[in-house]
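Trainee:
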Amino acid sequence: MRIATWNVNSIRARQPLVVEWLKTTEPDVLCLQETKVVDDDFPTEDLQRLGYAVEMAGQKTYNGVAIASRLPMSDVSVGLHDDDEDAEKRFIAATIDGVRVMTAYVPNGKSVDSPDFPRKLAWLARLRQTLDQGATAEGDVLLCGDFNVAPEARDVHDPKRLEGQILFHPDERAALAKVLDFGLVDAFRIHEEAPKHYSWWDYRGPMLRRNLGLRIDFIFLTKSLAARSGRCWIDKDVRGQNKPSDHAPVIVDLE
DNA sequence: ATGGTAGGATTCCTA
């Protein structure tokens, strides 16, 4: 089973690129973040034409997540365990071929001195609680998405300058580590130790051209799935195509 | 010394 995650930064703006990418990459499952659209305006038919059903949790203008799958989906669940009715749409889960697939769009936090920063930390703590309440580390659980945190120095292009800034602050690294303490491993790091692999490059300036990015998009696996993981890679090429998202897809093959 | 671009809804917010 091939599973991918991609922050598309608007599914409507990215629709041609996503369709072409699905045709060439042929994942069984594509988890999407920042769809930025209400469910009625999601380009569902364009994905159905390629054989994918879509489960979504959308909202106007911001956020929005979805799971597109060409294998049957069951037990769809939207939101964190204690989300209010009007909570931002940042989390959706479904069971696919025995795997509990969860995808998250973690709050960015804006800056470390913003009120959004403690809210980001609290959201990650609530994500851990959602895992504890709805899954077990002994099961086949895959948690993927845009986590807006780079876990290690090798995941950022300038760790000295970026240390303590948003996306690379010790408090958010600790909050992410607590999520992983549920019993998850980073699929990309199973087979790749090297630095300079990133999943996001700012649109502004020469960031992509100089490969000045951050690795903030992940596929996390429980032990049983990690044992089944083949290749895991970041499709950087699609970041350089016409009208790209600022994020690249991350893909894993499970045996 | 704090730029720059992109998307979406409306002269600004978020990333």
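Under our numbering, the first sequence has 256 at position 253, and the numbering climbs by one with no breaks. Glycine included, every Cβ here is placed at the ideal spot set by N, Cα and C.
1) Could you tell me which of H160, F185 and G142 sits nearest to R129, measuring between CA atoms?
2) Could you tell me how far apart the beta carbons of T64 and V57 are, in whole angstroms, since I believe they sit closer than 8 Å?
3) Per DSSP, W126 forms a beta bridge with which residues?
4) Excluding the 5 residues preceding and the 5 following V159 in the sequence, name in chain order all residues of the same chain whose CB lies nearer than 7 Å to its CB.
5) Let me know the secondary structure DSSP gives S202 once reduced to three states.
6) DSSP has I95 in a bridge; who is on the other side?
7) Report back the beta-carbon spacing between Y108 and D149 to the nearest angstrom; my notes put them in contact at under 8 Å.
8) Does the distance from the CB of P198 to the CB of R234 come in under 8 Å?
9) Kindly indicate which three-state DSSP category D149 falls into: helix, strand or coil?
10) Could you work out which residue in K123, I6, D238 and K239 is closest to R176 when comparing CA atoms only?
11) Just confirm the distance between the C-beta atoms of N151 and N214, as a whole number of angstroms; I'd bet it's less than 8 Å.
12) State yes or no: is the C-beta of D78 within less than 8 Å of the C-beta of A97?
13) Under a Cβ-count criterion, where at least 16 other Cβ atoms within 10 Å of its own Cβ denotes burial, should E37 be classed as buried or exposed?
14) Alpha carbon to alpha carbon, how far is I99 from Q18? Give it in angstroms, no decimals.
15) Going by DSSP, what residues sit across from F221 in a beta bridge?
16) Exposed or buried, what is T139 when buried is set at 16 or more other beta-carbons lying within 10 Å of its beta-carbon?
Mentor: By the coordinates alone:
1) F185
2) Going by Cβ atoms, the distance from T64 to V57 rounds to 20 Å, so no, they are not a contact pair.
3) Bridge partners of W126: none, in fact.
4) A153, L165, F171 and L217
5) coil
6) V81 and T106
7) 5 Å
8) no
9) strand
10) K123
11) The Cβ separation is near 20 Å, so there is no contact.
12) yes
13) buried
14) 24 Å
15) G148
16) exposed
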